[in-house]
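Student:
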């Protein structure tokens, strides 16, 4: 890496530490939710051009037909664009994006990036709820700004708890993952816990810089409270069913118990994935 590139990375990390993360995200959230035609048209047009959004796979192909940037950003895909792997034993990707990391959880430690890790206990923010995953398996899927931003079930299960955990709002791209210790266990997140036929499963929706919100089918759009909030549920969701969505890009972390499943060897860090694509199988 060149000196210029390293300096740019260092500036990017320092800038994230200095900016008022939550205040900035609230401002962006108001703009993203605006239904003012001038504002929403300008923001959607600029964003679409910046990230090369492919509207041909969207249910509504005309980006300017959406009432707000948020509605555009959380757009549905055309029916049949993403097929959910039909094998009853398959574990599928919860979202379109790229594998950040995947593999085994070692004595409670989850690998984040070179030189960085976090504990599953810190991620879930409840020692008892984290216990089943301490030597299990994990996969982290990064959703870039250009991706489809709905999160789906990787395996069928009954939602038993949701745990809102307040936190910081660092970017979750690769540069930040390599430089911010415990990134995914520091950012604001919604932990979704399930009972499945192979044991406990968790899907953690991690917030990020200027993410204007996280939403789940059980809780609706999360209203940040500054405190941990645990809610009980009894909601069965099929594999591939929508679980939630992000208002601007972020990350989903999947957790399984030990000796219950294995990841396909074809997938590794930076592998591109589509929602519904088989990432692994039960054992």
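Residue numbers (the working numbering): 28 to 310. In this text, a Cβ means the ideal position worked out from N, Cα and C, and glycines have one as well. Please read these numbers as outputs of a predicted model, since none were measured by experiment.
Any contact between the region 129 to 145 and the region 86 to 105? By contact I mean 3 or more CB pairs, one from each, below 8 angstroms.
Tutor: With the cut-off at 8 angstroms, the region 129 to 145 and the region 86 to 105 do not touch.
Student: With a threshold of 16 other CB atoms inside 10 Å of the CB of residue 189, please say whether the residue is buried or exposed.
Tutor: Classification of residue 189: buried, given that the 10 Å Cβ count is 16 or more.
Student: Compare the C-alpha of residue 242 against each of 264, 218, 214 and name the closest.
Tutor: Of the listed residues, the one whose Cα sits closest to residue 242 is 218.
Student: Taking the Cβ atom as the reference point for each residue, do residue 262 and residue 186 lie within a distance shorter than 7 angstroms?
Tutor: Taking 7 angstroms as the Cβ cut-off, residue 262 and residue 186 qualify as a contacting pair.
Student: Which term fits residue 302, buried or exposed, when burial requires 16 or more other beta carbons within 10 angstroms of its beta carbon?
Tutor: It is buried - the Cβ of residue 302 has at least 16 other Cβ atoms within 10 Å.
Student: By the 10 Å Cβ neighbour count, where 16 or more other Cβ atoms means buried, how is residue 214 classified, buried or exposed?
Tutor: Residue 214 comes out buried.
Student: My parser needs the alpha helix (DSSP H) runs of 4 or more residues fully inside the region 60 to 98; what are they?
Tutor: Runs of the alpha helix (DSSP H) inside the region 60 to 98: 64 to 78.
Student: For residue 150, report the span of its beta strand (DSSP E) as first-last.
Tutor: Unbroken run through residue 150 is the alpha helix (DSSP H), 147 to 151; no beta strand (DSSP E).
Student: Does DSSP put residue 264 in a helix, a strand or coil?
Tutor: Note: residue 264 maps to strand in three-state DSSP.
Student: Which residue's Cα is closest to the Cα of residue 247: 232, 256, 255, 271?
Tutor: When each option's Cα is compared against that of residue 247, the closest is 271.
Student: Could you have a look at residue 257 and say whether DSSP puts it in helix, strand or coil?
Tutor: Strand, per DSSP.
Student: Just mark residue 284 as buried or exposed, buried being the case when its beta carbon has 16 or more other beta carbons within 10 Å.
Tutor: When all chains shown are included, residue 284 counts as buried.
Student: Between the region 169 to 183 and the region 113 to 124, do at least 3 Cβ pairs fall closer than 8 angstroms?
Tutor: With the cut-off at 8 angstroms, the region 169 to 183 and the region 113 to 124 touch.
Student: Rounding to the nearest angstrom, what Cα-Cα distance links residue 100 and residue 274 in this structure?
Tutor: Residue 100 and residue 274: Cα-Cα distance of roughly 7 angstroms.
Student: Quick check: the Cα distance between residue 298 and residue 127, rounded to an integer number of angstroms?
Tutor: Whole-angstrom Cα-Cα distance: 8 angstroms.
Student: Could you pull the start and end residues of the beta strand (DSSP E) that residue 294 belongs to?
Tutor: Neither: residue 294 is in no beta strand (DSSP E) and is coded neither H nor E.
Student: Quick one: measure Cβ to Cβ for residue 170 and residue 124, integer angstroms, because I've assumed they're closer than 8 angstroms.
Tutor: So it is a contact: roughly 4 angstroms between Cβ atoms.
Student: What did DSSP end up calling residue 213 once you bin it into helix, strand or coil?
Tutor: In the structure shown, residue 213 sits in a helix (DSSP, three-state: H, G or I).
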